[in-house]
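First up is the structure itself, then whatever we jot down about it.
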Amino acid sequence: MSQQDVLNQQATEQFFDLYRSERLQSQLDYYEKRVKEFTNAQRQAIWLSIGLVFLTALAGAFEGIAMSWLRVTLLLIAAICPILSTALAGYTALRGFTQQAKLYHDARRNLMHIHAPTFRADQPQHDLSNEIRNYVNRVEDVLQTEHGFWGQLAEGMTPPGA
Amino acid sequence: MDLFKQRPRFRPLSKEPAPLVKDTGKYPALAADFKILDDVLVPSYHKHDREAIKLQNAHWWTYVILIVGGAIATILGILQLAISVEGIGIAGAIIAAFLGCATLALNSFHYQERYMNSRLAAEELRGEYFLFLGRLGQYGEKSQERIEALKERVSAITEKAEV
């Protein structure tokens, strides 16, 4: 093997390490973090919304109380909570938590289905380069598809009535 | 609380832009290519990445102002009916003016469209960064030709984002 071949092989192997850690793994970590965050956010939004509806119902149920100041307060709560709930729905629609979590979850799953090539010590440089090329192309295809979907999704992420 | 974790911020940009590869010293065989990329591609990447963060933040601000402002204006209307105080009417008018400005900004500055263009350009540049390091695609040619190909690609992506 010539000195140039050794240098080429080193560069190829280092690129493969770099690509797996800095491109693929960093993207997988990003997707995982986002899926968790958006799933939690959606759950919190639902609970907060339920809480507001519950408060409205509670305030409505007790508004028959005789004390005038308490009655006014309960009526205000009954009127304000649905407004806050609507604002929360608008914010949730703006962020599109469910759709984004699904998009990132799918992209992560597709990336994890791509098997990394394994190398043998006696493998010719040409075969090594070809296997890496195919692997990188498959990963980049998944990432480009995700970017395409993400662009379409972002277009639709506007609050109701906006 | 994850619900409000990615909220609009007053200072959305970090002081130092995050590098594309954290420790380039671990890959000595690629040192020459890192240098070329730092000169040709990385400045454009950071420009679009930071632009995308700023525009996304502006987009969020305008919508959050509209959502929260709309809710506050309605609440003030209810309060005005319940407890008739003159100050509430004035506060309502100020908020309505803010909402008008936010709507105008939303329709005039096209934050979301520009944000998406910048984000997609930054992500495309990030992809090219790794293709160049791997001498893949159009970067498999001889040294000078691949540098020219990289310059052309960066220029094409940047132009596309700015149209």
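The listed protein sequences correspond, in order, to chains U and B. Per numbering that gives the first Met the number 0, residue 0 is the first one in the first sequence, and the count goes up by one each step. Per numbering that gives the first Met the number 0, residue 0 is the first one in the second sequence, and the count goes up by one each step. Every residue, glycine too, gets a C-beta built ideally from N, C-alpha and C. All values derive from a computational prediction rather than experimental measurement.
Would you mind working out which of the options sits nearest residue i, comparing C-alpha positions?
i, options, result
"U:THR91", "B:GLY139, B:VAL67, B:PHE9 and B:GLY99", "B:VAL67"
"U:TYR18", "U:PHE148, U:GLY147 and U:VAL135", "U:VAL135"
"U:VAL138", "U:ASP121, U:LEU27 and U:LEU74", "U:LEU27"
"B:GLU122", "B:GLN5, B:THR157 and B:PHE9", "B:THR157"
"B:GLY69", "U:CYS80, U:ALA86 and U:LEU74", "U:ALA86"
"B:ARG125", "B:ARG145, B:ALA17, B:PHE9 and B:GLY86", "B:ALA17"
"U:GLY59", "U:GLY50, U:ILE76 and U:ILE45", "U:ILE76"
"U:GLN219", "U:ASN133, U:GLN124 and U:GLY147", "The structure shown does not extend to residue 219 of chain U, since chain U is modelled only from 0 through 161, so no value can be given for it."
"U:GLN151", "B:GLU112, B:GLU144, B:LYS34 and B:ASP37", "B:GLU112"
"U:VAL141", "U:HIS112, U:VAL52 and U:LEU57", "U:HIS112"
"U:ILE82", "U:THR55, U:SER67 and U:MET66", "U:THR55"
"U:ILE79", "U:ALA40, U:TYR29 and U:LEU51", "U:LEU51"
"U:ASN133", "U:GLN24, U:ASP4, U:VAL5 and U:PHE15", "U:PHE15"
"U:ASN129", "B:LYS14, B:ALA148 and B:GLY139", "B:GLY139"
"U:GLN99", "U:ILE64, U:ALA40, U:GLU21 and U:ARG70", "U:ALA40"
"B:LEU105", "B:ASN56, B:GLU15 and B:PHE3", "B:ASN56"
"B:ASP32", "B:LEU135, B:PRO7, B:GLY76 and B:LYS159", "B:LEU135"
"U:TRP46", "U:PHE61, U:SER84 and U:SER67", "U:SER84"
"B:ARG6", "B:LYS53, B:ILE35, B:ALA92 and B:VAL20", "B:LYS53"
"B:HIS109", "B:ALA51, B:SER13 and B:GLY76", "B:ALA51"
"U:THR38", "B:SER83, B:ILE77, B:TYR128 and B:ASP1", "B:ASP1"
"U:HIS200", "U:PHE53, U:ARG107 and U:ALA44", "The structure shown does not extend to residue 200 of chain U, since chain U is modelled only from 0 to 161, so the question has no answer here."
"B:TYR171", "B:LYS4, B:LYS14, B:ASP22 and B:ILE35", "Outside the shown range of chain B, which is 0 to 162, sits residue 171 of chain B, and nothing can be said about it."
"U:ARG22", "B:ALA148, B:LEU19 and B:GLY24", "B:LEU19"
"U:SER25", "U:THR97, U:THR144, U:GLN122 and U:LEU110", "U:LEU110"
"U:ASP4", "U:GLN143, U:THR144, U:PHE148 and U:GLN122", "U:GLN122"
DSSP state of residue i, grouped into three classes?
i, result
"B:PRO27", "helix"
"B:LYS46", "helix"
"B:LEU12", "coil"
"U:ILE45", "helix"
"U:LYS32", "helix"
"U:PHE61", "coil"
"B:ASP1", "helix"
"U:LEU17", "helix"
"B:ALA51", "helix"
"U:SER1", "coil"
"B:PRO18", "coil"
"B:ARG6", "coil"
"U:ALA161", "For U:ALA161, the predicted model reports a pLDDT of 44, less than 50, meaning its position is unreliable; a value from the coordinates is still stated below. In this structure, U:ALA161 counts as coil in the three-state DSSP scheme."
"B:LEU40", "coil"
"U:THR11", "helix"
Please determine whether the Cβ atom of residue i lies at a distance below 7 Å from any heavy atom of the ligand NAD.
i, result
"B:LYS141", "Although the ligand NAD was asked about, the structure shown includes no ligands whatsoever."
>> Would you call the segment 98-105 of chain U in contact with the segment 31-51 of chain U, where contact means no fewer than 3 C-beta pairs closer than 8 Å?
In response: yes
> Taking the runs of the alpha helix (DSSP H) that are 4 residues or longer, which of them lie wholly in the segment 80-162 of chain B?
Replying inline: Whole alpha helix (DSSP H) segments, 4+ residues: 85-108, 110-132 and 142-161.
> What residue ranges within the segment 83-157 of chain U form continuous alpha helix (DSSP H) runs of no fewer than 4 residues, ordered along the chain?
Replying inline: 96-111 and 124-155
> Does the count of Cβ pairs from the segment 111-126 of chain B and the segment 44-53 of chain B closer than 8 Å reach three?
Replying inline: yes
>> I want to know whether the segment 7-26 of chain U touches the segment 21-35 of chain B - three or more CB-CB distances under 8 Å.
In response: yes
>> With three or more beta-carbon pairs closer than 8 Å as the criterion, would you say the segment 70-79 of chain B touches the segment 93-105 of chain B?
In response: yes
> Using 8 Å as the threshold, is the segment 99-113 of chain B in touch with the segment 51-66 of chain B, meaning 3 or more CB pairs across them?
Replying inline: yes
> Is there contact here, the segment 138-157 of chain B with the segment 34-41 of chain B, by at least three beta-carbon pairs under 8 Å?
Replying inline: yes
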